[in-house]
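Trainee:
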Amino acid sequence: MTNAADPAVVVVTARPDPGGLTRLFAAPALALAEGSQALAALARGAADLVVVEDRPGLDAVALIRALRLRPHLAHTAILLIADDDPAETRRRALEAGATDVVLPPLDASDLALRGRNLIALARAQGAVESQARTLAREVERAAAESQEREREIIRRLMLAAEFRDDQAGDHLTRVAGCVLAIADGLGLSEEEGNDIALASTMHDIGKIGVADSILRKPGPLTEPERFEMMQHALRGYQLLHDSPSRLLRLAAEIALTHHERWDGAGYPQGLKGTEIPLPGRITAVADVFDALISARVYKPGWPLERARRFLEEQSGAQFDPDCVAAFLSRWDDVVALVEERPADRAA
Ligand SMILES: [Fe+2]
Ligand SMILES: [Fe+2]
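In UniProt numbering, the protein residues as written are 1 to 347.
Quick look at the structure:
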């Protein structure tokens, strides 16, 4: 599409009276004698139509090719007024990107008609393209908004779940931060890391089905209570897995697999090694680490170094060694995160 300041038509002609040509198109026109002038005039600005009148001494085909190489002239019609050897010139001009070729003898009314049609076509194409760009921008904005809303709802849901669970305030935030650190250490993309981190906040969502008397029980759990507690992994999965949202399906996978162990001794499926989906393996490290440094009704929070040693000892047993290595490679970030949002250490 042309700007208001651009000529609608650029005519390359060596006629002493170029007005005879330019007036034909009934649009603002600029007549230039040389191809180089046309290239300069169209270096940035666009035009709806470029008319090149072929003549000895002008390489019309080269000019057309040079114009076509410019992306901002993609919708500019290029019309060649052939000089002689029409068949060969026509073929080469069309190959070079000319929209149409007018053959001698020149018929002014035919040229005017074709020129005006080409201008109308170029403008329509430009308008359609600009509309498509506007639409694409709107779709992109709407998608970003709906994604942001989805994330917002998940965060608030998690806040609600955290209120009920006895675990001190920032557990989910710290787990998400540790997940990010591990994903980063593993070389995952920022987008993947962010998705897993947000989805990881739902790992214990299945606990909403566990009775308070078990969830908040200060002493050790009986075997049936422990069994009931373990159901939270499957319940979380059942709650989320059939969602149309990719993020919630990822959360379902994490809910189901965050208590699996690398050595196969975890639950609920007893998956082993890489049978456990990576988001579950990452969350397992982050979740256990934060559980260790946080106080529980039955234990005080561990010092960071002790929790670190535990991860090192359990690397390859409870945890994926790559995830542990990735976590330790971002240890300074983890320490900073915990200092910023300290866990409640007192029992
Ligand atoms: Fe859990
Ligand atoms: Fe947790």
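Every residue gets a Cβ at the ideal spot worked out from N, C-alpha and C, and that includes glycine.
Here's a check: name, in chain order, each residue in its chain whose Cβ is nearer than 8 angstroms to the Cβ of A317, leaving out the five neighbours to either side.
Mentor: In the sequence shown, the residue the question calls residue 317 occupies position 317. Correct list, in chain order: R261, W262, D263.
Trainee: If you follow the alpha helix (DSSP H) that V139 is part of, which residue opens it and which one closes it?
Mentor: By 1-based counting over the sequence shown, the position of residue 139 is 139. That run of the alpha helix (DSSP H) goes 108 to 164.
Trainee: Expressed to the nearest angstrom, what Euclidean distance is found between the alpha-carbon atoms of A14 and A33?
Mentor: Here the question's residue 14 lines up with position 14 in the sequence shown. Here the question's residue 33 lines up with position 33 in the sequence shown. Looking at the two C-alpha atoms, the distance is approximately 5 angstroms.
Trainee: From the DSSP output, in three-state form, read off E228 for me.
Mentor: For the purposes of this step, residue 228 is taken as residue 228 along the sequence shown, with counting starting at 1. Helix at E228.
Trainee: If you run the structure through DSSP and keep just helix, strand and coil, what is K207?
Mentor: To locate residue 207, count along the sequence shown from 1; it is residue 207. Helix.
Trainee: Three or more C-beta pairs closer than 8 angstroms, one from the stretch 281 to 295 and one from the stretch 313 to 328: is that the case here?
Mentor: As far as the Cβ criterion goes, the stretch 281 to 295 touches the stretch 313 to 328, which means the pair count is three or higher.
Trainee: Applying the 10 Å Cβ sphere with the 16-neighbour rule, what's the burial state of R308?
Mentor: Numbered from 1 along the sequence shown, position 308 holds the residue referred to as residue 308. It is buried - the Cβ of R308 has at least 16 other Cβ atoms within 10 Å.
Trainee: Do the CB positions of G270 and R235 come within less than 9 angstroms of each other?
Mentor: Counting from 1 along the sequence shown, the entry for residue 270 is found at position 270. Counting from 1 along the sequence shown, the entry for residue 235 is found at position 235. Not a contact, by the Cβ cut-off of 9 angstroms.
Trainee: For the alpha helix (DSSP H) containing D6, name the first residue and the last one.
Mentor: As a first step, residue 6 is located in the sequence shown; it is residue number 6 there, counting from the start. No alpha helix (DSSP H) contains D6, which DSSP labels as neither H nor E.
Trainee: Count the other CB atoms within 10 Å of the CB of K207; is the residue buried (16 or more) or exposed (fewer)?
Mentor: Within the sequence shown, numbered from 1, the residue matching residue 207 stands at position 207. Buried, by the Cβ-count rule.
Trainee: Below 8 angstroms, is the gap between the Cβ of V175 and the nearest heavy atom of ligand 2?
Mentor: What you label residue 175 is simply residue 175 of the sequence shown in a count that begins at 1. Flag set: Cβ of V175 near ligand 2.
Trainee: Can you tell me whether DSSP reads A29 as helix, strand or coil?
Mentor: Position 29 of the sequence shown, counted from the first residue, corresponds to residue 29. Correct three-state label for A29: strand.
Trainee: Can you grab the Cα-Cα spacing for the pair A211 / V297, in whole Å?
Mentor: The count along the sequence shown starts at 1 and reaches residue 211 at position 211. The count along the sequence shown starts at 1 and reaches residue 297 at position 297. Rounded to whole angstroms, A211 to V297 spans 16 angstroms at the Cα level.
Trainee: In or out: D6 buried (at least 16 other Cβ within 10 Å) or exposed?
Mentor: Taking the first residue of the sequence shown as position 1, residue 6 is located at position 6. Buried: at least 16 other Cβ atoms inside 10 Å.
Trainee: Do you know offhand how far F327's Cα is from A40's?
Mentor: Taking the sequence shown and counting its residues from 1, one reaches residue 327 at position 327. Taking the sequence shown and counting its residues from 1, one reaches residue 40 at position 40. So the alpha carbons of these two residues sit roughly 57 angstroms apart.
Trainee: Identify every residue that forms a DSSP beta bridge with R249.
Mentor: One-based indexing of the sequence shown puts residue 249 at position 249. Partner(s): none; R249 has no beta bridge.
Trainee: Please tell me whether A255 and Y237 are closer than 9 angstroms, where the distance is taken between their beta carbons.
Mentor: Position 255 of the sequence shown, counted from the first residue, corresponds to residue 255. Position 237 of the sequence shown, counted from the first residue, corresponds to residue 237. Contact flag set, yes.
Trainee: Are the beta-carbon atoms of L337 and F310 separated by less than 9 angstroms?
Mentor: What you label residue 337 is simply residue 337 of the sequence shown in a count that begins at 1. What you label residue 310 is simply residue 310 of the sequence shown in a count that begins at 1. Result no, Cβ atoms of L337 and F310 do not sit closer than 9 angstroms.
Trainee: Who are the near neighbours of D184 in its chain, counting only those whose CB is closer than 7 angstroms to its CB and skipping five residues on each side?
Mentor: Locating residue 184 in the sequence shown gives position 184, counting from the first residue. Contacts found: G193, R330.
Trainee: On the DSSP bridge list, what partners appear for K299?
Mentor: The residue given as residue 299 occupies position 299 in the sequence shown. According to DSSP, K299 bridges with R296.
Trainee: So, at 7 angstroms on beta carbons, what are the nonlocal neighbours of D344 in its own chain, with the 5 sequence-adjacent residues on each side left out?
Mentor: As a first step, residue 344 is located in the sequence shown; it is residue number 344 there, counting from the start. Excluding sequence neighbours, D344 sits near A168, S294, A295, G301.
Trainee: Let's test the definition: count the other Cβ atoms within 10 Å of the Cβ of residue 429 and tell me whether it reaches 16, buried, or not, exposed.
Mentor: Outside the shown range of the chain, which is 1 to 347, sits residue 429, and nothing can be said about it.
Trainee: Beta-carbon within less than 6 angstroms of V101's beta-carbon, same chain only, minus the 5 sequence neighbours each way: which residues are those?
Mentor: Here residue 101 corresponds to residue number 101 of the sequence shown, with the count starting at 1. Around V101: L80, A82, R90, A93.
Trainee: Can you round the beta-carbon distance between R21 and V61 to whole angstroms, since I take them to be within the 8 angstroms contact cut?
Mentor: Taking the first residue of the sequence shown as position 1, residue 21 is located at position 21. Taking the first residue of the sequence shown as position 1, residue 61 is located at position 61. The question names Arg, but residue 21 in the sequence shown is Leu. Wrong, their Cβ atoms sit about 20 angstroms apart, outside the cutoff.
Trainee: Taking the straight line between their C-alpha atoms, what separation do you get for D59 and E53?
Mentor: Here residue 59 is taken as the residue at index 59 of the sequence shown, counted from 1. Here residue 53 is taken as the residue at index 53 of the sequence shown, counted from 1. Answer to the nearest angstrom: the Cα atoms are 10 angstroms apart.
Trainee: According to the Cβ coordinates, are V11 and L42 closer than 9 angstroms?
Mentor: Indexing the sequence shown from 1 puts residue 11 at position 11. Indexing the sequence shown from 1 puts residue 42 at position 42. Against a cut-off of 9 angstroms, the Cβ pair of L42 and V11 comes out as no contact.
Trainee: What does DSSP give as the partner residue(s) for S315 in the beta ladder?
Mentor: On the sequence shown, residue 315 is found 315 positions in, with the first residue counted as 1. Partner(s): F319.
Trainee: In chain order, what residues of the same chain lie with their CB nearer than 7 angstroms to the CB of I214, ignoring the 5 residues before and after it?
Mentor: On the sequence shown, residue 214 is found 214 positions in, with the first residue counted as 1. Excluding sequence neighbours, I214 sits near L221, E225, E228, M229.
Trainee: Are the Cβ atoms of F25 and A112 separated by less than 9 angstroms?
Mentor: As a working mapping, residue 25 is identified with position 25 in the sequence shown. As a working mapping, residue 112 is identified with position 112 in the sequence shown. The answer is yes: Cβ separation under 9 angstroms.
Trainee: Which stretch, first to last residue, makes up the beta strand (DSSP E) that contains E53?
Mentor: For the purposes of this step, residue 53 is taken as the residue at position 53 of the sequence shown. Its beta strand (DSSP E) spans residues 49 to 53.
Trainee: How big is the Cα-Cα spacing for V179 and L49?
Mentor: By 1-based counting over the sequence shown, the position of residue 179 is 179. By 1-based counting over the sequence shown, the position of residue 49 is 49. So the two alpha carbons sit approximately 57 angstroms from each other.
Trainee: Using 10 angstroms around the beta-carbon of residue 355, count the other beta-carbons present and answer buried if the total reaches 16, otherwise exposed.
Mentor: Nothing about residue 355 can be read from this structure; the chain reaches only from 1 to 347.
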